[in-house]
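*Asks:* Chains as they are written, first to last, in the numbering used here: chain A, 6 to 364; chain B, 6 to 364; chain C, 124 to 447; chain D, 124 to 447.
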Amino acid sequence: MPTEMLQIVNEEGKSDSKLDPDLPQSELHKLYRTMVYTRAFDNRMIAMQRQGRMSFYAPCVGEEAAHIGSAYALKPEDWLFPQYREQGAMILRGISLEQLVSSLLGNRNDANKGRSFANAWGDRSLNIVHSSAPVGTQIPLAVGAAMAAKLRGDKTVTLAYFGDGATSSGYFHVALNFASVFKAPTIFFCKNNQYAVSVPIHRQLASKNVAVKAAAYGMEGVQVDGNDILAVYCVTKEAEERARSGGGPTLIEAITYRMGAHSTADDPTRYRRQEEVESWKKKDPIKRFRLYLENRGLWGEKEESDLWTEAENMVSEAVRRAEAAPLPTVESMFEDVYKEMSPALKEQLQDALTSRESR
Amino acid sequence: MPTEMLQIVNEEGKSDSKLDPDLPQSELHKLYRTMVYTRAFDNRMIAMQRQGRMSFYAPCVGEEAAHIGSAYALKPEDWLFPQYREQGAMILRGISLEQLVSSLLGNRNDANKGRSFANAWGDRSLNIVHSSAPVGTQIPLAVGAAMAAKLRGDKTVTLAYFGDGATSSGYFHVALNFASVFKAPTIFFCKNNQYAVSVPIHRQLASKNVAVKAAAYGMEGVQVDGNDILAVYCVTKEAEERARSGGGPTLIEAITYRMGAHSTADDPTRYRRQEEVESWKKKDPIKRFRLYLENRGLWGEKEESDLWTEAENMVSEAVRRAEAAPLPTVESMFEDVYKEMSPALKEQLQDALTSRESR
Amino acid sequence: MSVLTIVQAINKALTEEMGKDDSIVLLGEDIGVNGGVFRATEGLYQSFGPNRVIDTPLAESGIIGVAMGMSLYGLKPVAEIQFLDFIYPAFDLIVNELAKFRYRTGGQYPTHIVIRAPCGGGIKGGMYHSQSSESYFIHTAGLKVVMPSNPYDAKGLLVASIRDADPVIFLEPKRLYRSVKGEVPEGSYTVPIGNASVVAKGEDVSVFTYGAMVHVALEAAKKADEKGISVEVIDLRTLSPLDFEAIVDSVRKTGRAVVVHEAPRTLGFGAEISALISEKAFLHLEAPVTRVTGYDTPFHYSLEEVYLPSVGKVLNAIEKTAGF
Amino acid sequence: MSVLTIVQAINKALTEEMGKDDSIVLLGEDIGVNGGVFRATEGLYQSFGPNRVIDTPLAESGIIGVAMGMSLYGLKPVAEIQFLDFIYPAFDLIVNELAKFRYRTGGQYPTHIVIRAPCGGGIKGGMYHSQSSESYFIHTAGLKVVMPSNPYDAKGLLVASIRDADPVIFLEPKRLYRSVKGEVPEGSYTVPIGNASVVAKGEDVSVFTYGAMVHVALEAAKKADEKGISVEVIDLRTLSPLDFEAIVDSVRKTGRAVVVHEAPRTLGFGAEISALISEKAFLHLEAPVTRVTGYDTPFHYSLEEVYLPSVGKVLNAIEKTAGF
Ligand SMILES: Cc1ncc(C[n+]2csc(CCOP(=O)(O)OP(=O)(O)O)c2C)c(N)n1
Ligand SMILES: Cc1ncc(C[n+]2csc(CCOP(=O)(O)OP(=O)(O)O)c2C)c(N)n1
Ligand SMILES: [Mg+2]
Ligand SMILES: [Mg+2]
């Protein structure tokens, strides 16, 4: 039974030396760069939506450590099943910024062919299964992929991301039950950001926390400071080793906070107080990790401003290219419904083409 | 965290005097009579199905203590949401044997108007909500009724029965979560009879037991010997008092055994060994309770044979009357789809009447 | 009388009915303090408190299951599903329980419930915030299905639905929420469930439609009129039970019919209307019944204008049908 | 060649395909040691072991969710839903994920899955063991829907479904499981998805049907023949994608059509067939397309013979249509 939330780096950026995983400098920099890129990306997308250049966006501000630290603990052959608020994990894995923007715009260069709304990223070649909007559906999928890997004799691990809200869905329960019965090598990674849109965690569930729910499946459950990227990395690494060595699934609860709105369509001042938001700003995972790096003499003002300039430029460049791309073709709207276009769809495509011509 | 299964009466019919609820003789007799009636009913229905007089039946042999003891702990104004294998609770509450048979036959006297297959009993006037076939759906309904009662200021408690198999459904989780968040006065009563059709409990779930799942909802969870009617009564009474006094829901796991087939369509020799069945015969709840009554000098051979004769006669009489009733009318097939028959249904009723006449 | 949007009309209907009947309770995600993501329940939490305006955990099966349990006990719950696209986790409860409860219990346990859900496209919401899945519910015996196209009907139909003793799926075309305004009387009135409405009189072609497409059809009718084709537009309003007399009456007159809906073509509601017209007005028909519908693909995000029936497509169909 | 029942033909198809392709795995409730409640998977657990014939916990959303995850990883799962009536807890996954996965991922993640489910009435199973809910799946773009009516097709269509790269809902009319026997070749053959089959040639009236109703229609056709009406019976076999050429060809010849299915009338598949015939063969039609279907009520337990289309009802419809 988990009793305490694991923290390695405190809010002043001091680490517990007994627990610090002592990652090499280059790796620490990689993590920090990804966090900053993610924040720069978020800031820019929110601005674009305000400017009417994008219909909708859901930022991950404040939650970068949770998903970047956990994705980092896995190998490239491991499969990720995101919910939608894991931009940093996408960037870390290698989906290009341009691809992320193209998908948000639904343009012709979008690998999803302009069909998916909002944060529905994924990439077959990177073992990321595209997220979708219905909350919770990704959780049983991750279990199925893990069972398949096990059946095939592969050492692949799968990880499902989901929010505190998603723990209320039937999928959470059904998936954890299957995973425990079949000892699937799956990591269930809950980003408890305290809210599901407007509903606070204490109205979402009545258990002590999310991690204790693991007991209902005879599974390991662990709580971690989700704003401490090293702690997140360590607990996920442990879960990954357990899964890979046949020890079965783990439920991880990362305590974090959705610092921004649920999405560009949401106004959080309707349901939470500014003081609460302010108190969490002190726990900002990027600020904390920067302090840690600085405390260890691995980072300075110059590096910081260079990195931000670089990140913002890269995002701008991605936006420029994505916005230059045209919309998908009408033909593509009728493709991929099935492997081969059905006779009915061929007729309907003709209808769409004719209608477009006629007016 | 529940650590031990509560037992009050052991297999030799000896009770733990510190725990014995000391029910008056008339009440003990009432419980025993209900158990015997239930067994007699089961035996007869199985026979009828074999004789081709009924399409399907699912007996509760071996599980009588679990549902009779729990239903007995509630007040008549409390609501029951059965799964389908709780014939004893139906009989205890007061649904007549004839009604039970009429419903199985789907005749014109059936209060369900011949529309429901198999064990789909219920009665509005007795606060029993008719069970249906889809496993698990009754669980959230019980929570809703409890929330409604609370909202109305009524002191009503609701109890949902379900099997070990049903704990795997999304409904189990969703319902327990809602109940705990809203502190609904609901008792979740799991009859763990070791099987869901052919699937044994250890392939259904991987937690230590069902009762520990209560922790996932910050709820009380308790395990009881489901073949010990007094123990079942006591734990349910405690849950009932908690619910009624505003203390919220409880999860009870009653350990029992489905001594017969899943249903008349099932052949359990395909998936379980006879020794296992034999070992549970020793724990037969009716045998155990009879020994208890005998040990206390409250029962004898004469009473036993009189009771069985009476029960079998009553069942025979119920069968005779139910079999004499005709099928429902064609008109009734089109009623109660809506409060008023829609124009389309009126047309369809005419069609049905015409077709029937024409050949 | 005041000029309201559809979302305001819905809010009014809820407020007034809840004020009159304290067995009405609301359940849904973010409907309380937040007032609903479309603000349909704005102010109700403040007026009626947390016991009657209940923010639920994130589980549609919980919302519908609990609402159903409440109705068995005697309340009249109005459940909000945040987007119709997210109703399916409750589909089993809706199809196997809600729709069958009165029937299977021999009339003992009716379920007095309204399920409100924003539906349809036109807001650039992609395949999970744009679905028109009314077919699933119309095909399910035991449910009533209603979809208003203007503020007056929205209020009147919602009041009628709340008072109806049967379960009603109340679908709200979200693209109209704020884009269509109209006069809405204060206080109680109902628009009866089961009655279609002739929103434009015409002689040559009948157009049957509902929800957001009513406005597209009306515009197409105007353009057809300019070309000398007189079009009758019928807003079905209630999809189940269906006012097939209104349909047959119109086809008897015009002999030509076009059906317009956003939902995918195959087994969209147009199929049923077409089949009914064939059965009930065959000898009056002078042209095939034509369907203008969404395509048999998931709803497309960036090409939603190509996906949706447009004024141009409807006009095409009217001209083709008139000239057949 | 041997004479098999439908359930044996299904068992053969599974056995042979699993022997050839080890990416095929089965999942479902009671399909392992128990061999399935209808014995469709009898012996497979013994032949292929618990890793490929997986008894699951009781959760249809788990069965379909896990099967889908397996298919993303590269397996070809065949899931059994014990009765079609119990598929709805997985409806969200089927409609929102399975049907849309290839599409929404730009073709990157196809889902190669078959969902087998016994369907339909005729076994006195009441409203939860008799449903014919094919409409829900036919209306859902991205799914294929198949229903055999005889052992030869059952095997050939199941093999084709297992090899198909798209998700297939494979519906098995349970009342035919053991009541219809026929010659079934040993070894591999497929019946292509998308092709209807003319099971009786005729000139006066076309009857379109599928599943168990094929046998009812054939008997009615025989009786009609005795009365001098020549009936063509077409077994649709694949409901999505639909072989509408076969339908149009037949109606062009006969000018008269009857559709027969067990599912409720409103938005049952008959509606779509009727609408298609109107659109594609209007000028050939000499009578309204007539539907003989289940009623718009939940499936009735003790009056199932009244509920279901019967030889008499189909014959009535044939005569009425022929005499129109
Ligand atoms: C099944 C379903 N119901 C409702 C919604 C609408 N919705 C989108 S996100 C969301 C809240 C999700 O909360 P959580 O899981 O905590 O994730 P977070 O947004 O906090 O990252 C809701 C209710 C949905 N997408 N899917
Ligand atoms: C949703 C659903 N899936 C499958 C079935 C078929 N089925 C009927 S009973 C049953 C097993 C139920 O097991 P359990 O909950 O343990 O109850 P028990 O029969 O042991 O009393 C199954 C799989 C069903 N009725 N509903
Ligand atoms: Mg959250
Ligand atoms: Mg059981």
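All C-beta atoms in this analysis are idealised placements derived from N, C-alpha and C, irrespective of residue type, glycine included.
(1) Between the region 274 to 282 of chain C and the region 142 to 154 of chain A, can you find at least three pairs of beta-carbon atoms closer than 8 Å?
(2) Nearest CA to the CA of residue 188/D: which residue from 352/D, 224/D and 337/D?
(3) Which residues of chain C have a Cβ atom closer than 9 Å to the Cβ of residue 254/B, listed in chain order?
(4) For the region 224 to 255 of chain D, which residues have a CB atom closer than 9 Å to at least one CB atom of chain B, in sequence order?
(5) Tell me, please, which residues DSSP counts as bridged to residue 363/D.
(6) Spell out the partners DSSP gives residue 320/D in its beta bridges.
(7) I want to verify the contact list: residues of chain A whose CB lies under 7 Å from the CB of residue 182/C, in sequence order.
(8) Taking the C-alpha atoms as reference points, what is the distance between residue 7/B and residue 191/B?
(9) If you draw a straight line from the C-alpha of residue 432/D to the C-alpha of residue 338/D, how long is it?
(10) Might you give, ordered along the chain, the residues of its own chain that have their beta carbon closer than 6 Å to the beta carbon of residue 356/C, omitting 5 neighbours on each side?
(11) On a Cα-Cα basis, can you pick out the residue from 376/C, 320/C, 289/C and 126/C that is closest to residue 366/C?
(12) Residues of chain C with CB under 8 Å from residue 421/D, in chain order?
(13) What three-state label does DSSP hand residue 140/D in the structure shown?
(14) What does DSSP give as the partner residue(s) for residue 294/C in the beta ladder?
(15) Could you tell me the boundaries of the beta strand (DSSP E) in which residue 65/A lies?
(16) At least one CB of chain C closer than 8 Å to the CB of residue 212/A: is that the case?
(17) Quick one: measure Cβ to Cβ for residue 144/A and residue 176/A, integer angstroms, because I've assumed they're closer than 8 Å.
(18) Closer than 7 Å between the C-beta and any heavy atom of ligand 4: which residues qualify, listed along the chain?
(19) Would residue 6/A pass as an interface residue toward chain C - the criterion being a Cβ-Cβ separation below 8 Å?
(20) Helix or strand or just coil, what does DSSP make of residue 407/D?
(21) Compare the C-beta of residue 215/D with all C-beta atoms of chain C and state if any pair is closer than 8 Å.
(22) In terms of residues, what are the limits of the beta strand (DSSP E) holding residue 260/C?
(23) Shorter than 8 Å from the beta carbon of residue 10/B to some beta carbon of chain A?
(24) Residues of chain C with CB under 8 Å from residue 120/B, in chain order?
(25) Counting only runs of 4+ residues fully inside the region 226 to 256 of chain A, write out the alpha helix (DSSP H) ranges in chain order.
(26) Hey, out of 259/B, 193/B and 121/B, whose CA is closest to residue 146/B's CA?
(27) Please compile the residues from chain A whose C-beta is within a distance smaller than 9 Å of the C-beta of residue 185/B.
(28) Inspect the CB distances between the region 305 to 312 of chain C and the region 204 to 215 of chain C and report whether three or more fall short of 8 Å.
(29) Kindly give me the distance between the Cβ atoms of residue 3/B and residue 238/B, rounded to whole angstroms, as I take these residues to be in contact under 8 Å.
(30) Go ahead and label residue 312/C buried or exposed: buried means 16 or more other beta carbons lie within 10 angstroms of its beta carbon, across all protein chains shown.
(31) Considering only residues of the same chain and omitting the five flanking positions on each side of residue 197/B, which have a CB-CB separation below 6 Å?
(32) Return yes when the C-beta of residue 90/B is under 7 Å from any heavy atom of ligand 2, and no when it is not.
(33) Check the Cβ of residue 275/C against every Cβ in chain D and list those closer than 8 Å, keeping chain order.
(34) Decide if residue 112/A is buried, meaning its Cβ has at least 16 other Cβ atoms within 10 Å, or exposed.
(35) So if I threshold CB-CB distances at 7 Å, which residues from the region 340 to 351 of chain B count as touching chain F?
(36) Please confirm whether residue 253/D and residue 422/D have their CB atoms less than 8 Å apart.
*Replies:* Looking at the coordinates:
(1) Using a C-beta cut-off of 8 Å, the region 142 to 154 of chain A makes no contact with the region 274 to 282 of chain C, since fewer than three inter-stretch Cβ pairs fall below that distance.
(2) Walking along the fourth sequence from the start, residue 188/D turns up at place 65. With distances taken between CA atoms, residue 188/D lies nearest to 224/D out of 352/D, 224/D and 337/D.
(3) The residue labelled residue 254/B in the question sits at position 249 within the second sequence. Going along chain C, no residue has its Cβ under 9 Å from residue 254/B, so there is no contact; the nearest lies around 13 Å.
(4) Going along the region 224 to 255 of chain D in chain order, one finds 246, 247, 248, 249, 250, 251, 252 and 253 with a Cβ nearer than 9 Å to chain B.
(5) Along the fourth sequence, read from residue 1 onward, the residue named residue 363/D stands at position 240. According to the DSSP secondary-structure assignment, residue 363/D is paired through a beta bridge with 268/D.
(6) The residue given as residue 320/D occupies position 197 in the fourth sequence. The partner list for residue 320/D (beta bridge, DSSP) reads 358/D.
(7) As a position in the third sequence, residue 182/C is number 59, starting the count at 1. Within 7 Å Cβ-Cβ: 173, 174 and 175.
(8) Translated into the one-based positions of the second sequence, residue 7/B becomes position 2. Translated into the one-based positions of the second sequence, residue 191/B becomes position 186. A caution first: residue 7/B carries a pLDDT of 49, below 50, which makes its placement in the model unreliable, though a value can still be read off. Those two C-alpha atoms are separated by around 19 Å.
(9) Start at 1 with the first residue of the fourth sequence, and residue 432/D comes out as number 309. Start at 1 with the first residue of the fourth sequence, and residue 338/D comes out as number 215. Per the coordinates, the alpha-carbon of residue 432/D lies some 11 Å from the alpha-carbon of residue 338/D.
(10) The residue labelled residue 356/C in the question sits at position 233 within the third sequence. Closer than 6 Å at Cβ, skipping near neighbours: 322, 323, 330, 340, 341 and 344.
(11) Stepping through the third sequence from its first residue, residue 366/C is reached at position 243. The shortest Cα separation from residue 366/C among 376/C, 320/C, 289/C and 126/C belongs to 320/C.
(12) For the purposes of this step, residue 421/D is taken as the residue at position 298 of the fourth sequence. 222, 223, 226, 227, 264 and 265, listed in chain order.
(13) Reading the fourth sequence from its first residue, position 17 is the one you call residue 140/D. Helix at residue 140/D.
(14) Residue numbering aside, residue 294/C sits at position 171 when the third sequence is read from its first letter. For residue 294/C, which the question treats as bridged, DSSP gives the partners 240/C.
(15) On the first sequence, position 60 is the one that residue 65/A refers to. For residue 65/A, no beta strand (DSSP E) run applies, since DSSP gives it neither H nor E.
(16) Taking the first sequence and counting its residues from 1, the one referred to as residue 212/A is at position 207. No, no contact with chain C.
(17) Taking the first residue of the first sequence as 1, we reach residue 144/A at position 139. Taking the first residue of the first sequence as 1, we reach residue 176/A at position 171. Taking 8 Å as the upper bound for CB-CB distance, residue 144/A and residue 176/A are in contact here, some 5 Å apart.
(18) In chain order, the residues positioned with their C-beta nearer than 7 Å to some heavy atom of ligand 4 are 168/B, 169/B, 170/B, 196/B, 197/B, 198/B, 199/B, 200/B, 201/B and 263/B.
(19) Looking up residue 6/A in the first sequence gives position 1. Any reading at residue 6/A must be qualified, since the residue scores a pLDDT of 47, below 50, and its modelled position is unreliable; the value itself is stated next. Judged by the 8 Å Cβ criterion, residue 6/A is not in contact with chain C.
(20) Counted from its first residue, the fourth sequence places residue 407/D at position 284. DSSP places residue 407/D in helix when its eight states are reduced to three.
(21) To locate residue 215/D, count along the fourth sequence from 1; it is residue 92. Chain C contact via Cβ: present.
(22) Looking up residue 260/C in the third sequence gives position 137. No beta strand (DSSP E) holds residue 260/C; the alpha helix (DSSP H) holding it covers 257 to 261.
(23) Taking the first residue of the second sequence as 1, we reach residue 10/B at position 5. Residue 10/B is outside the set of residues whose beta carbon lies under 8 Å from a beta carbon in chain A.
(24) Sequence index remark: in the second sequence, residue 120/B carries index 115 (1-based). Residues of chain C with a Cβ closer than 8 Å to the Cβ of residue 120/B are, in chain order, 226, 227 and 229.
(25) With a minimum length of 4 residues, the continuous alpha helix (DSSP H) runs that stay inside the region 226 to 256 of chain A are 234 to 249.
(26) What you label residue 146/B is simply residue 141 of the second sequence in a count that begins at 1. It is 193/B whose Cα lies nearest to the Cα of residue 146/B.
(27) For this step, residue 185/B is matched to residue 180 along the second sequence. Those are 210, 211 and 212, listed as they occur along chain A.
(28) No, the region 305 to 312 of chain C does not touch the region 204 to 215 of chain C.
(29) The first residue shown for chain B is 6 and the last is 364, placing residue 3/B beyond what the model contains.
(30) Position 189 of the third sequence, counted from the start, is the residue given in the question as residue 312/C. That one is exposed.
(31) One-based indexing of the second sequence puts residue 197/B at position 192. For residue 197/B, where only same-chain residues beyond five positions count, the Cβ hits under 6 Å are 169, 215, 258 and 260.
(32) Translated into positions along the second sequence, residue 90/B becomes position 85. Shortest gap from the CB of residue 90/B to any heavy atom of ligand 2: under 7 Å.
(33) Here the question's residue 275/C lines up with position 152 in the third sequence. Within chain D, no residue comes near residue 275/C; the closest Cβ sits about 28 Å away, beyond 8 Å.
(34) As a working note, residue 112/A is residue 107 in the first sequence. By the neighbour-count definition (other C-beta atoms within 10 Å, threshold 16), residue 112/A is a buried residue.
(35) Of the protein chains in this structure, namely A, B, C and D, none is chain F.
(36) By one-based count along the fourth sequence, residue 253/D stands at place 130. By one-based count along the fourth sequence, residue 422/D stands at place 299. Between residue 253/D and residue 422/D, the gap from beta carbon to beta carbon is short of 8 Å.
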